[in-house]
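Q: Pasting a structure here, questions to come.
Numbering (this note's numbering), first residue to last: 526 to 826.
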């Protein structure tokens, strides 16, 4: 019996879960209590919970429709929170599943995303014992249909920008910042930049910028820059100009998008007189679903 598991980061689904979730994610790291308090406050501004798990389950349901005729279930397993990857794999094994394809909900290969997801899954496989064959869909940032899904989301946003603002609109692509040492080990920033180059080439758009966001960790450690908020503050002639933010570093509209961008970056953009627009993440776009379906099907052959 076959099954598909979407490997995600996870998130708190209730107010009471936020602080324990953060403490679990940050366990072993020297993060001051006031920083945790600050992040709890950020969750409050988006309703006291993360939309991540809902979005992951919805994506699994949409993808599951593509495999319904083959009787292949599509479910989720989280690095943090519930259901854990260990619980998911154990449940599938108990249901008679022997062949699993894992889709990591991160398009790029990097240490804090792809590598950690593989590590979590390896631990879960060990815990489940013998009897499971597990394979992974490779990073898909370079796939034509992924580029097409990003481009389609951009076009959707361009269609909402008044005609007189489009020609001078500043396109800003953003991805999660990571430590420079991790970037050198994985080539993460080159993967993101190459995707951006392919997207803007399709539009013939010369004016664009790649920036980073949501940095954490020790201030003295070098991380990928420029930060999107710093870049906006330092940019000249933004007054009255449309700014289209494209979150290419994210698959779904979760906390780093709905708070870090739609609240924090929007406020920064407005402070310099810019007009904020934000493209959707690829999410459940049909081209992305087609891509995942095809890659999964190849591994099941």
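Backbone N, C-alpha and C fix where the C-beta goes; we use that ideal spot for every residue, glycine too.
1) Hey, residue 536 and residue 605: beta-carbon distance below 9 Å or not?
2) In this structure, does DSSP put residue 658 in helix, strand or coil?
3) Taking 8 Å as the cut-off, is the beta-carbon of residue 750 closer than that to any non-hydrogen atom of the ligand NAP?
4) Exposed or buried, residue 693, counting other C-beta atoms within 10 Å across all chains shown (16 or more means buried)?
5) If we call anything under 9 Å between Cβ atoms a contact, is residue 800 one with residue 767?
6) Tell me where the alpha helix (DSSP H) around residue 803 begins and ends.
7) So, at 7 Å on beta carbons, what are the nonlocal neighbours of residue 820 in its own chain, with the 5 sequence-adjacent residues on each side left out?
8) Helix, strand or coil, according to DSSP, for residue 769 in the structure here?
9) Out of 544, 722, 638 and 658, which one is the CA nearest neighbour of residue 623?
10) From what residue to what residue does the beta strand (DSSP E) around residue 697 run?
11) Please return the same chain residues whose Cβ sits closer than 7 Å to the Cβ of residue 740, not counting the five positions on each side in sequence.
12) Threshold first: 3 residues or longer. Then list the beta strand (DSSP E) segments lying entirely within the region 637-685, N to C.
A: On the basis of the coordinates in this document:
1) Judged by their CB atoms, residue 536 and residue 605 are nearer to each other than the 9 Å cut-off.
2) DSSP places residue 658 within a strand segment (E or B) once states are collapsed to three.
3) Among the ligands in the structure shown, none appear at all, so the ligand NAP cannot be discussed.
4) Exposed is the call here.
5) Taking 9 Å as the Cβ cut-off, residue 800 and residue 767 qualify as a contacting pair.
6) Run containing residue 803: none in the alpha helix (DSSP H); it sits in the beta strand (DSSP E), 800-803.
7) Correct list, in chain order: 662 and 665.
8) Three-state result, residue 769: strand.
9) Distance from the Cα of residue 623 is smallest, within the candidate group 544, 722, 638 and 658, for 658.
10) From DSSP, the beta strand (DSSP E) with residue 697 extends over 695-701.
11) Spatial neighbours of residue 740 in its own chain (CB-CB distance under 7 Å, excluding positions within 5 residues in sequence) are listed in chain order as 702, 748 and 752.
12) Taking only runs of at least 3 residues, the beta strand (DSSP E) segments lying wholly in the region 637-685 are 658-661.
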